[in-house]
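Chemist: Mind having a look at this structure? Questions to follow.
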Amino acid sequence: MSSTEPAPLGQRPTISDEEGSAVIEFLALGLLLLLPAVWFLLAVAEVQASSYAAVGAADQAAKMHTTGDADPGERAARSEAAVTAALADFGIGADRAQISRQCSPGCEAEGALVGYTVEIRVPVPLIPEVAGLQHRLVTVSASSTQVLGE
10 MSSTEPAPLG QRPTISDEEG SAVIEFLALG LLLLLPAVWF LLAVAEVQAS SYAAVGAADQ
70 AAKMHTTGDA DPGERAARSE AAVTAALADF GIGADRAQIS RQCSPGCEAE GALVGYTVEI
130 RVPVPLIPEV AGLQHRLVTV SASSTQVLGE
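Start counting at 1 in the sequence shown, then tack on 9, and there's your number in the numbering used here.
Below you can see the structure in the form of structure tokens.
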């Protein structure tokens with residue numbers, strides 16, 4: 010009997026040539042749909058962690074600079090240490106961050122506004138660095154300003 014002819018009444022067609030194909034289709038489609046979803050979740054988690062780290066680092070740097078009775082060099086060193094610690098809490102290396110300080114009118118005058126901005130480069134998840142080139146997904150930044158001496 011050829012495959013184009015209908016089966017006689019009472020006789021079931023054989024499907025031996027498709028046995029196990031549902032498992033293969035399920036696995037293939039599962040991986041095809043699951044891998045992009047996992048990659049997307051990793052990307053969102055990395056961006057969120059970087060955002061939290063930038064906010065915490067900028068806030069702590071500004072607070073470390075404006076509190077205490079230290080000389081200008083020590084204040085800057087404390088701010089750098091605060092940024093490094095905040096980034097490390099979120100598993101972010103200091104090499105991915107850029108820190109800038111803004112002062113108005115001067116960084117050491119009583120009542121001056123001292124602001125810190127932290128920018129973090131977020132790499133593309135699961136894509137390795139090739140020849141020193143890291144692919145960037147996005148850059149997140151946060152700023153914080155404190156009054157010196159209060």
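Built from N, CA and C at the ideal position, the CB exists for glycine as well.
Please classify GLY124: does DSSP put it in a helix, a strand, or coil?
Modeler: Reduced to three states, the DSSP call for GLY124 is strand.
Chemist: To the nearest angstrom, report how far apart ALA54 and LEU18 are at their CA atoms.
Modeler: Approximately 59 angstroms between the Cα atoms of the pair.
Chemist: Check whether the Cβ atoms of VAL123 and THR154 lie closer than 8 angstroms to each other.
Modeler: Closer than 8 angstroms, so yes.
Chemist: To the nearest angstrom, how far is it from the Cα of GLY100 to the Cα of SER60?
Modeler: Taking the straight line from one Cα to the other gives about 12 angstroms.
Chemist: Between the beta-carbon of GLY120 and the beta-carbon of GLY158, is there less than 8 angstroms?
Modeler: Yes; because the gap between Cβ atoms is below 8 angstroms, this pair is in contact.
Chemist: Determine, using beta carbons only, whether ALA63 and SER150 come nearer to each other than 8 angstroms.
Modeler: Going by C-beta atoms, ALA63 is nearer than 8 angstroms to SER150.
Chemist: Would you kindly check if the distance between the Cβ of TYR125 and the Cβ of ARG105 is under 8 angstroms?
Modeler: Not closer than 8 angstroms, so no.
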